């Protein structure tokens, strides 16, 4: 009979204890808190709020004790990835290093309550104030409700979506194909010709005009509903 050797492996179960923050974690948190203070001192907290997270911090800095981090200052402008200057105590020496943090920003803005189509005029009841995620360093959205009221949308905007200056225009006072009074003023004499607008125009915009009576083309500046001031004859 062939003896059979039984080998029994004993397994020791190791139960992990609770995770405690390390000095590195605490140092990172102190850096982020000081960076947050630096940003918030630059912006109005009633209009902006920020969430910061580490993107790149040198290992030598993370090895420092939290209480050795002396200051964290914003460098340049706030963007999605923003640079900060850190001063910290390394032995008996104050060291200076640069770090980079990811910055997520929200801004309190006037935004539409409902979907609004291109060509619609914005009325006071169409807007409300909300906290909206924004990308710092990009084109800034319109921040004052008064700047939006009465303006015409150049594209469709969804509820809660910020509106940029390039997406609005002043309502047209003169529309292409409609009659426009072309006003000539010279030496105290005023002459008014009824002509045809060849372009849409808002207040103080220049438009092309054709007059059947004189068979001439003119350049005029819109001064009111259906009115333009003569600038030159083509």
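Numbering (my numbering), first residue to last: 60 to 293. Where is the CB? At the ideal position from N, CA and C, for every residue including glycine. Model, not experiment: these values are computed from the prediction.
When you compare only the Cα positions, how much space is there between residue i and residue j?
| i | j | result |
| --- | --- | --- |
| residue 202 | residue 96 | 23 Å |
| residue 262 | residue 284 | 9 Å |
| residue 286 | residue 200 | 32 Å |
| residue 138 | residue 149 | 29 Å |
| residue 266 | residue 157 | 54 Å |
| residue 83 | residue 134 | 23 Å |
| residue 178 | residue 110 | 36 Å |
| residue 136 | residue 258 | 41 Å |
| residue 288 | residue 256 | 12 Å |
| residue 108 | residue 161 | 14 Å |
| residue 153 | residue 130 | 11 Å |
| residue 282 | residue 103 | 38 Å |
| residue 116 | residue 89 | 12 Å |
| residue 228 | residue 127 | 54 Å |
| residue 188 | residue 206 | 14 Å |
| residue 233 | residue 239 | 7 Å |
| residue 359 | residue 105 | Residue numbering for the chain in the displayed model covers 60 to 293; residue 359 lies beyond these limits and cannot be assessed. |
Would you give the residue range spanned by the alpha helix (DSSP H) that residue i belongs to?
| i | result |
| --- | --- |
| residue 87 | 82–99 |
Check residue i in the structure and name its three-state DSSP category.
| i | result |
| --- | --- |
| residue 263 | coil |
| residue 247 | coil |
| residue 144 | strand |
| residue 104 | coil |
| residue 272 | coil |
| residue 234 | coil |
| residue 255 | strand |
| residue 177 | coil |
| residue 218 | coil |
| residue 226 | helix |
Mind checking which residues open and close the beta strand (DSSP E) that includes residue i?
| i | result |
| --- | --- |
| residue 121 | First-last for residue 121: 118–121, but that is the alpha helix (DSSP H), not the beta strand (DSSP E). |
| residue 207 | Segment 204–207 is the alpha helix (DSSP H) holding residue 207; no beta strand (DSSP E) there. |
| residue 172 | Unbroken run through residue 172: none, as it is neither H nor E. |
| residue 151 | Taken as a continuous stretch (DSSP letters only), residue 151 belongs to no beta strand (DSSP E), as it is neither H nor E. |
| residue 275 | 275–283 |
| residue 193 | 186–193 |
| residue 286 | 286–292 |
| residue 108 | 107–115 |
| residue 129 | 128–134 |
Pairs of beta-carbons, one from the segment 211–223 and one from the segment 170–182, closer than 8 Å: are there three or more?
yes
Between the segment 188–198 and the segment 241–249, do three or more beta carbon pairs fall short of 8 Å?
no
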